[in-house]
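Residue numbers (this note's numbering): 15 to 451.
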Ligand SMILES: *[C@@H]1O[C@H](CO)[C@@H](O)[C@H](O)[C@H]1NC(C)=O
Ligand SMILES: *[C@@H]1O[C@H](CO)[C@@H](O)[C@H](O)[C@H]1NC(C)=O
Ligand SMILES: *[C@@H]1O[C@H](CO)[C@@H](O)[C@H](O)[C@H]1NC(C)=O
Ligand SMILES: *[C@@H]1O[C@H](CO)[C@@H](O)[C@H](O)[C@H]1NC(C)=O
Ligand SMILES: *[C@@H]1O[C@H](CO)[C@@H](O)[C@H](O)[C@H]1NC(C)=O
């Protein structure tokens, strides 16, 4: 008797399953029939997400994009449809049980891009120009984490609040802080605040991923583009940087360093993309103990061991760390961190020659002196420009004229690569933004 009952239950279950399967197949075929030229449902979901993302970013003024459809088309069919196969713009009549899934899809917040900078001394204007360049071209919303000396907080707040009408970014100001035991030692390293960045994974505990940049960075294309490299990390990579040099003959690390460094010429930490979730989890190989250490535990022993041998402070520590853990670093090409070194004695960043400069890095103070007028011209053009469309579009012509005056320098000779990507970014931004006037 028992056995008989079990067989019946099994049969009923199997029958139900095949019925469900049949229904879902029917639903799919109906849907494909009714789709009428629309793409695959999955594609529709993806494009809706992208469309929604943009709409959310550029604020209420954004008109419906051409080709965009109404959010919820009526669909005169009632079918049993797995929620993931339902086109995003269709409200089936059996919405009631899908609603839960669909709702969670809809309220999924647009991913924010987290950008951190550490500003000390006379870096207010430079930092504001960097932030402006990030805002002008970016698509997804930005979250700025600004670490600054206390006396700069008031000015940062004033300046950033005056941009709040844009509604495309939020910011948080932080004081400069170091672990209390060794604060004095960390402050002395290289420049007063530079080593702050090493502690970002420990301070910003809630943040998954972060783009750290120096104050002397200018974005010539959307932050979204470098942010998207995070998704290209393989399973062991935790951070991304560009090589310190392309040309070993003029490289610094390979000629002078008295400590280990990553790769052939070391890496430059002025533009550093981090998956901090992974950084916090990883146990790092090192040459101090036989056990692997976590980020929070490795920094102090590293400083103690190498402090007499390092020249560029925290960047050297990062080089030592990735020397021992090379599988953890994603190296991006030089056009994402373009410095005077790439053109000062002749051009050696081939990717930039081909596609233009994506992120400009005016280190050694070149935005503020006359040694590299090409770098300075780009900085001044962006510093002078405001957020109005017309203003941004009319930035290019005078900048090109300025750059043409710099052809007596090696960097100036290839001035076209300074505006190639910038011109494209301006065009793209204008195409994206609705006509306001
Ligand atoms: C900024 O923060 C406010 C308040 O938390 C929030 O309503 C707004 O959506 C945020 N803006 C962006 C662009 O993240
Ligand atoms: C960072 O790594 C974690 C753990 O591997 C992963 O869940 C997360 O999606 C990654 N973040 C990004 C932006 O790729
Ligand atoms: C520091 O540099 C000196 C001189 O090049 C070298 O002998 C020493 O081993 C270095 N120290 C470390 C910890 O690498
Ligand atoms: C990830 O890429 C790095 C650098 O190319 C490489 O060394 C490492 O082995 C890769 N990891 C995996 C799991 O493939
Ligand atoms: C930026 O403005 C300053 C004065 O505010 C002016 O001297 C300079 O020529 C301008 N530079 C550019 C590139 O427009």
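Virtual Cβ for every residue (Gly too), placed ideally from N, Cα, C.
Among the candidates the options, whose CA atom is the shortest distance from the CA of residue i?
| i | options | result |
| --- | --- | --- |
| residue 431 | 216, 218, 348 and 161 | 348 |
| residue 201 | 248, 317, 142 and 136 | 317 |
| residue 228 | 143, 420 and 297 | 143 |
| residue 387 | 413, 304 and 319 | 413 |
| residue 153 | 128, 140, 277 and 275 | 128 |
| residue 238 | 417, 373 and 220 | 373 |
| residue 131 | 178, 148, 346 and 424 | 148 |
| residue 371 | 242, 134, 236 and 343 | 236 |
| residue 266 | 246, 151 and 330 | 330 |
| residue 342 | 255, 221 and 126 | 255 |
| residue 177 | 20, 166 and 146 | 146 |
| residue 233 | 185, 302, 150 and 198 | 150 |
| residue 219 | 249, 273, 289 and 168 | 289 |
| residue 308 | 294, 302, 320 and 301 | 294 |
| residue 326 | 272, 422, 155 and 420 | 272 |
| residue 368 | 324, 137, 269 and 428 | 428 |
| residue 389 | 181, 426, 323 and 401 | 426 |
| residue 252 | 270, 223 and 304 | 223 |
| residue 157 | 250, 410 and 125 | 125 |
| residue 323 | 274, 214, 304 and 221 | 274 |
| residue 134 | 302, 165 and 155 | 165 |
| residue 248 | 344, 170, 359 and 162 | 344 |
| residue 321 | 199, 250 and 171 | 199 |
| residue 163 | 179, 258, 138 and 304 | 138 |
| residue 401 | 379, 169, 214 and 179 | 179 |
Between which residues of its own chain and residue i is the CB-CB distance below 8 Å, once the five residues before and five after are set aside?
| i | result |
| --- | --- |
| residue 196 | 314 and 317 |
| residue 328 | 203, 204, 208, 209, 211, 212 and 283 |
| residue 444 | 403, 406 and 407 |
| residue 438 | 235 and 370 |
| residue 395 | 409, 412, 413 and 416 |
| residue 20 | none |
| residue 434 | 369, 370 and 371 |
| residue 250 | 341 and 342 |
Go to residue i, then tell me how far its alpha helix (DSSP H) extends in each direction, as first and last residue.
| i | result |
| --- | --- |
| residue 144 | 138-151 |
| residue 315 | 309-320 |
| residue 439 | 430-446 |
| residue 327 | Careful: residue 327 lies outside any alpha helix (DSSP H) and carries neither H nor E. |
| residue 405 | 403-407 |
| residue 425 | 424-427 |
| residue 421 | Counting along the chain, residue 421 falls outside any alpha helix (DSSP H), and DSSP gives it neither H nor E. |
| residue 238 | 237-241 |
Please list the terminal residues of the continuous beta strand (DSSP E) segment that includes residue i.
| i | result |
| --- | --- |
| residue 302 | Element bounds for residue 302: n/a, residue is neither H nor E. |
| residue 413 | From DSSP, residue 413 is part of no beta strand (DSSP E) but of the alpha helix (DSSP H) over 410-418. |
| residue 129 | 127-133 |
| residue 232 | 231-233 |
| residue 123 | No beta strand (DSSP E) contains residue 123, which DSSP labels as neither H nor E. |
| residue 257 | 253-257 |
For my contact list, residue i and residue j are in at a C-beta cut-off of 8 Å; report their separation, rounded to the angstrom.
| i | j | result |
| --- | --- | --- |
| residue 336 | residue 276 | 4 Å |
| residue 375 | residue 398 | Not confirmed; about 20 Å, so no contact. |
| residue 298 | residue 306 | 6 Å |
| residue 333 | residue 280 | 5 Å |
| residue 191 | residue 159 | With a Cβ gap of about 13 Å, residue 191 and residue 159 do not count as contacting. |
| residue 423 | residue 391 | Not quite, the Cβ-Cβ distance comes to about 11 Å (not below 8 Å), so this is no contact. |
Counting only beta-carbon atoms, is residue i nearer than 8 Å to chain C?
| i | result |
| --- | --- |
| residue 349 | Absent here is chain C; the protein component of the structure consists of one chain. |
Residues in its own chain within less than 7 Å of residue i by CB, not counting five upstream and five downstream?
| i | result |
| --- | --- |
| residue 310 | 216 |
| residue 362 | 260, 261 and 356 |
| residue 366 | 348, 349, 352, 356 and 431 |
| residue 230 | 140, 375, 376, 377 and 381 |
| residue 393 | 143, 232, 376 and 381 |
| residue 268 | 262, 278 and 279 |
With a threshold of 6 Å on Cβ separation, who are the neighbours of residue i within its own chain once the five nearest residues in sequence on each side are excluded?
| i | result |
| --- | --- |
| residue 226 | 130, 211 and 286 |
| residue 442 | none |
| residue 173 | 142 |
| residue 415 | none |
| residue 167 | 187 |
| residue 436 | 234 |
| residue 184 | 157 |
- request: Identify every run of the alpha helix (DSSP H) within the stretch 333-390, keeping only runs that are complete inside it and at least 4 residues long; order them along the chain.
  value: Runs of the alpha helix (DSSP H) lying entirely within the stretch 333-390 and spanning at least 4 residues, in chain order: 364-369.
Segments assigned beta strand (DSSP E), at least 3 residues, entirely inside the stretch 260-294: 281-289, all fully within the stretch 260-294.
message: Restricting to runs no shorter than 4 residues, where is the alpha helix (DSSP H) found entirely within the stretch 154-224?
response: Counting whole runs of 4 or more residues, the stretch 154-224 contains the alpha helix (DSSP H) stretches 164-175, 197-202 and 214-217.
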